[in-house]
Amino acid sequence: MADSRSRPPLPLSSCVSPASFVHVVIRTTQMDLMTEWYRTVLGTHVVFRNDIVCFLTYDGEHHRIALLNSSHQPADGGGNIDHIAYAYNDLGDLLGNYYRLKRLGIEPVRTINHGPTISFYYRDPENVMIELQVDNFATHEESNAFFHSEAFAQNPIGVLVEPDALRAAWEGGVSWEEIRQRPPLPMGAQPRDMQKERAVPRFAL
Numbered sequence: 047m048a049d050s051r052s053r054p055p056l057p058l059s060s061c062v063s064p065a066s067f068v069h070v071v072i073r074t075t076q077m078d079l080m081t082e083w084y085r086t087v088l089g090t091h092v093v094f095r096n097d098i099v100c101f102l103t104y105d106g107e108h109h110r111i112a113l114l115n116s117s118h119q120p121a122d123g124g125g126n127i128d129h130i131a132y133a134y135n136d137l138g139d140l141l142g143n144y145y146r147l148k149r150l151g152i153e154p155v156r157t158i159n160h161g162p163t164i165s166f167y168y169r170d171p172e173n174v175m176i177e178l179q180v181d182n183f184a185t186h187e188e189s190n191a192f193f194h195s196e197a198f199a200q201n202p203i204g205v206l207v208e209p210d211a212l213r214a215a216w217e218g219g220v221s222w223e224e225i226r227q228r229p230p231l232p233m234g235a236q237p238r239d240m241q242k243e244r245a246v247p248r249f250a251l
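Everything in the sequence shown is counted per my numbering, starting at 47 for the first residue and increasing by one.
Here it is as structure tokens:
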């Protein structure tokens, strides 16, 4: 993360490609079978699992594949792919891309601080979800530890955030340590409320 005293201007006009592909999330009604398949084929190990999700990785990343139990969830048009995620080097690149896309009529359906990441979710023309994210922690060990924390147990979804507020903090020199902190849930809100998508214009040529 750039030092708050030396951050470059947001790249508002140029296209900044993601630094890396990070993970894919797959819906399944066969959690045990799918977990074993990816363990066997890719040599992954389970980072975290409960009745809803299983995070698998084969390297230091907190997850490369996530299996989402879809037995109780209606399909949303994206098929078995829940979402595909790409990471940016820092929040400045993520925000610059957000404002560039917004000028082109492409807006996220959800902007959220998960804890390990700040993530902006978009839907492509086929309704597949694309997550553009930046890591909140400096090391994979810190990210992995969050999945076993009380904060994650209480709220495994995250808290919605506003890009304009993030930009003001970033450009105002607020430390990354402070910006990346996941805020508390709004009064009376439940974690599931943080999954709601906002209506955005459909992309058209």
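Note that CB positions come from ideal geometry on N, CA and C, so glycine has one too.
(message) Less than 8 Å between the beta carbons of Tyr145 and Phe166, yes or no?
(response) Cβ distance not < 8 Å, so Tyr145 and Phe166 don't count as in contact.
(message) In the DSSP output, what is Ala131 paired with across the bridge?
(response) For Ala131, which the question treats as bridged, DSSP gives the partners His69 and Glu177.
(request) Starting from Ala199, follow the alpha helix (DSSP H) in both directions and report where the run begins and ends. (result) Counting along the chain, the alpha helix (DSSP H) containing Ala199 begins and ends at Glu196 to Gln200.
(request) Could you have a look at Leu231 and say whether DSSP puts it in helix, strand or coil? (result) The answer is coil: DSSP assigns Leu231 none of H, G, I, E or B.
(request) Report yes or no: do three or more beta-carbon pairs, one from the region 98 to 107 and one from the region 152 to 166, lie closer than 8 Å? (result) No, they do not touch.
(request) Tell me whether Thr74 counts as near the ligand SAM, meaning its Cβ is closer than 7 Å to at least one heavy atom of that ligand. (result) Ligands are entirely absent from the displayed structure, and the ligand SAM is therefore not among its contents.
(message) Could you compute how far the alpha carbon of Leu113 sits from the alpha carbon of Arg85?
(response) One C-alpha to the other measures close to 12 Å.
(request) Please say whether Ala133 and Gln179 have beta carbons closer to each other than 8 Å? (result) Against a cut-off of 8 Å, the Cβ pair of Ala133 and Gln179 comes out as a contact.
(request) Go ahead and label Ile98 buried or exposed: buried means 16 or more other beta carbons lie within 10 angstroms of its beta carbon, across all protein chains shown. (result) Ile98 counts as exposed, since fewer than 16 other C-beta atoms from the protein chains shown sit within 10 angstroms of its C-beta.
(request) Using 10 angstroms around the beta-carbon of Met175, count the other beta-carbons present and answer buried if the total reaches 16, otherwise exposed. (result) Buried is the call here.
(message) Going by DSSP in three states, Arg226 sits in which element: helix, strand or coil?
(response) Of the three classes helix, strand and coil, the one that applies to Arg226 here is coil, per DSSP.
(message) Give me the DSSP bridge partner(s) of Arg95.
(response) The bridge partners DSSP lists for Arg95 are Cys100.
(message) If you follow the alpha helix (DSSP H) that Phe192 is in, where does it begin and where does it stop?
(response) Taken as a continuous stretch (DSSP letters only), the alpha helix (DSSP H) holding Phe192 covers His186 to Phe192.
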